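J.:
Numbering (the working numbering), first residue to last: 20 to 467.
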């Protein structure tokens, strides 16, 4: 990686290395502190036309006019080594994108195009679709934080069939755009990761998207943080998961989800035929195959409205499942009863209960470790639960016992309640336990 230095210099030193084909220069990041106007862009493009060693080019944050974007586009049409690009700033706009992606269309080696926060609207999305449709090498497209809207997604949809990763975070996509993406999921046989965080999908959008998930044969990760899909959207997704066995990662954090949605998800994990099917959720969009248990490995449910009741159902489902290993319930209404239910899920390896409602009694928390509780947990985060220093000390001493939580490697706690001497005791306790460690960020936050 070649890092730009302060001083406002241009790119002559980089151009020289690219021209002679320096094999050590495979990834180039042109920092904003360097000059990168018309003259510099022209020099760089001339060097890159024949260069065969550079794989990654990052010049994000630099202002590009349609003319300089066109220079880079022409370079991309001739270059045969670049696999990843990220160029321009939020003023690139539709006109600049049109010039740039013309070169993407003619390039045969690019695998990733990052156009995050480039001021692109639905008009620019139309240009991108024309450039990438049928592209044989392109695998990943990042369009996060552009104002694409539902119309932009509609224009993109026919061109998404060959992508493996699509990032549309914060693109002002609603339920109609979600419907277009559902169609894309039906038709795309390669798409593995879809990021839709921070879009106002609503419950209708979540339900529409679920139909596409049901039919997808390739989707492995679905990111829906802060999309407002609610209980209804999650319930429909839960049903889709009983057919999309390859989907192992689901993030529905901050989605206004309560116990009702979690209950349906628990059914999908443990016993979909007698759970979701009995609730008469099947319709014309979800048919043609008997449901099977969802195969989630990672489930993110942060910052919702889930109580001990919902956690109890989820914990019981996990006791019947062999797949869910990583569970994030931070920022929910999870208390001691919820913690006890989760402690019996032997498949669980990572649990986050940051900022929940565990209370201040160490004895209640310690009781959850009894009878082989959390037997396979390797990471446990109880931060932000108002547990006072002496009380947490009791928890740590209990965890230190050899027959308690034997797999535990990292135990996070609320550093704001502890003094430096207490922290010293904490490190000595965990230092005696096999394979335990203390994260450096905790050390830096302990008050003197």
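Beta carbons: idealized from backbone N, C-alpha and C, even for Gly. This structure is a prediction, so every number in the text was calculated from the model and none was measured.
Could you spell out the range, first to last residue, of the beta strand (DSSP E) harbouring residue 78?
T.: As a working note, residue 78 is residue 59 in the chain shown. Note, residue 78: beta strand (DSSP E), 75-79.
J.: Which same chain residues end up closer than 7 Å to residue 90 when comparing Cβ atoms and leaving out the 5 residues on each side of it in sequence?
T.: Walking along the chain shown from the start, residue 90 turns up at place 71. Excluding sequence neighbours, residue 90 sits near 60, 61, 64.
J.: From this set, 130, 87, 70, 71, which residue's C-alpha is nearest residue 78's C-alpha?
T.: Residue 78 sits at position 59 when you count from the first residue of the chain shown. The option with the nearest alpha carbon to residue 78 is 87.
J.: What first and last residue would you give for the beta strand (DSSP E) that runs through residue 159?
T.: By 1-based counting over the chain shown, the position of residue 159 is 140. It spans 159-161 - the beta strand (DSSP E) in which residue 159 sits, taken as one unbroken run.
J.: Since residue 73 and residue 45 should fall inside the 8 Å C-beta cutoff, what is the C-beta to C-beta distance between them, to a whole number of angstroms?
T.: Start at 1 with the first residue of the chain shown, and residue 73 comes out as number 54. Start at 1 with the first residue of the chain shown, and residue 45 comes out as number 26. That belief holds up - the Cβ atoms of residue 73 and residue 45 are roughly 6 Å apart, short of 8 Å.
J.: Taking 8 Å as the cut-off, does the stretch 420-427 touch the stretch 400-407 (at least 3 CB pairs, one atom from each stretch)?
T.: With the cut-off at 8 Å, the stretch 400-407 and the stretch 420-427 do not touch.
J.: Excluding the 5 residues flanking residue 110 on each side, which residues of the same chain have their C-beta closer than 7 Å to its C-beta?
T.: Taking the first residue of the chain shown as position 1, residue 110 is located at position 91. Once the five neighbours on either side are set aside, the close Cβ partners of residue 110 are 82, 138.
J.: Tell me whether residue 166 sits in a helix, a strand or coil according to DSSP, three-state version.
T.: Here residue 166 refers to the residue found at position 147 when the chain shown is read from its first residue. Residue 166 falls in the coil class under three-state DSSP.
J.: Can you round the beta-carbon distance between residue 239 and residue 212 to whole angstroms, since I take them to be within the 8 Å contact cut?
T.: Numbered from 1 along the chain shown, position 220 holds the residue referred to as residue 239. Numbered from 1 along the chain shown, position 193 holds the residue referred to as residue 212. About 7 Å separates the two Cβ atoms, so the contact holds.
J.: On the DSSP bridge list, what partners appear for residue 248?
T.: Sequence index remark: in the chain shown, residue 248 carries index 229 (1-based). Answer is none; residue 248 lacks a bridge partner.
J.: Please list, in chain order, all residues of the same chain as residue 255 whose beta carbon is under 6 Å from its beta carbon, the five residues on each side excluded.
T.: The residue given as residue 255 occupies position 236 in the chain shown. Around residue 255: 226, 229.
J.: In this structure, how does DSSP classify residue 103 when only helix, strand and coil are distinguished?
T.: Within the chain shown, the letter at position 84 stands for residue 103. Strand.
J.: I need the DSSP call for residue 272, collapsed to helix, strand or coil.
T.: As a position in the chain shown, residue 272 is number 253, starting the count at 1. Coil, per DSSP.
J.: Where do the ends of the alpha helix (DSSP H) carrying residue 199 lie?
T.: Taking the chain shown and counting its residues from 1, the one referred to as residue 199 is at position 180. Per DSSP, residue 199 belongs to the alpha helix (DSSP H) from 194-206.
J.: Strictly by DSSP, which residues pair up with residue 64?
T.: One-based indexing of the chain shown puts residue 64 at position 45. DSSP, once it has assigned bridges, lists no residue as partnering residue 64.
J.: Measuring straight from C-alpha to C-alpha, what distance separates residue 169 and residue 147?
T.: For this step, residue 169 is matched to residue 150 along the chain shown. For this step, residue 147 is matched to residue 128 along the chain shown. So the two alpha carbons sit approximately 15 Å from each other.
J.: Are the beta-carbon atoms of residue 265 and residue 237 separated by less than 8 Å?
T.: As a first step, residue 265 is located in the chain shown; it is residue number 246 there, counting from the start. As a first step, residue 237 is located in the chain shown; it is residue number 218 there, counting from the start. It is a contact, given that the beta carbons lie within the stated cut-off.
J.: If you check the beta carbons only, do residue 324 and residue 276 fall under 8 Å apart?
T.: The residue given as residue 324 occupies position 305 in the chain shown. The residue given as residue 276 occupies position 257 in the chain shown. In this structure, residue 276 lies closer than 8 Å to residue 324 by Cβ.
J.: Where does residue 468 sit, in a helix, a strand or coil, going by DSSP?
T.: No statement about residue 468 is possible, as the shown extent of the chain runs from 20 to 467 and does not include it.
J.: May I have the straight-line CA-CA distance separating residue 381 from residue 253, to the nearest angstrom?
T.: Stepping through the chain shown from its first residue, residue 381 is reached at position 362. Stepping through the chain shown from its first residue, residue 253 is reached at position 234. Between residue 381 and residue 253, the C-alpha separation is close to 34 Å.
J.: Note down, in chain order, each residue of its chain lying with its Cβ closer than 8 Å to the Cβ of residue 385, except the 5 sequence neighbours on either side.
T.: As a first step, residue 385 must be located in the chain shown, where it is residue number 366. Excluding residues within five positions, the ones whose Cβ falls inside 8 Å are 413, 414, 417.
J.: Rounded to a whole number of angstroms, what is the C-alpha to C-alpha distance between residue 115 and residue 134?
T.: Looking up residue 115 in the chain shown gives position 96. Looking up residue 134 in the chain shown gives position 115. Taking the straight line joining both Cα atoms gives about 11 Å.
J.: Sort out for me which residues DSSP pairs residue 214 with in a bridge.
T.: Mapped onto the chain shown, residue 214 falls at position 195. According to DSSP, which records beta bridges pairwise, residue 214 is partnered with 186, 242.
J.: Taking 8 Å as the threshold (C-beta atoms), are residue 53 and residue 98 in contact?
T.: Looking up residue 98 in the chain shown gives position 79. Looking up residue 53 in the chain shown gives position 34. Not a contact, by the Cβ cut-off of 8 Å.
J.: Going by other Cβ atoms of all chains shown within 10 Å of its Cβ, with 16 needed for buried, is residue 71 buried or exposed?
T.: Sequence index remark: in the chain shown, residue 71 carries index 52 (1-based). That one is exposed.
J.: Contact between the stretch 201-215 and the stretch 166-184: three or more CB pairs below 8 Å?
T.: As far as the Cβ criterion goes, the stretch 201-215 touches the stretch 166-184, which means the pair count is three or higher.
J.: Taking C-beta to C-beta, are residue 267 and residue 232 nearer than 8 Å?
T.: As a first step, residue 267 is located in the chain shown; it is residue number 248 there, counting from the start. As a first step, residue 232 is located in the chain shown; it is residue number 213 there, counting from the start. No, these two residues do not count as a Cβ contact at 8 Å.
J.: Could you give the distance in angstroms between the alpha-carbon of residue 51 and the alpha-carbon of residue 80?
T.: Your numbering for residue 51 matches position 32 in the chain shown. Your numbering for residue 80 matches position 61 in the chain shown. So the two alpha carbons sit approximately 6 Å from each other.
J.: Taking all protein chains shown into account, decide if residue 344 is buried (16 or more other Cβ within 10 angstroms of its Cβ) or exposed.
T.: Residue 344 sits at position 325 when you count from the first residue of the chain shown. By the neighbour-count rule (16 or more Cβ atoms within 10 Å), residue 344 is buried.
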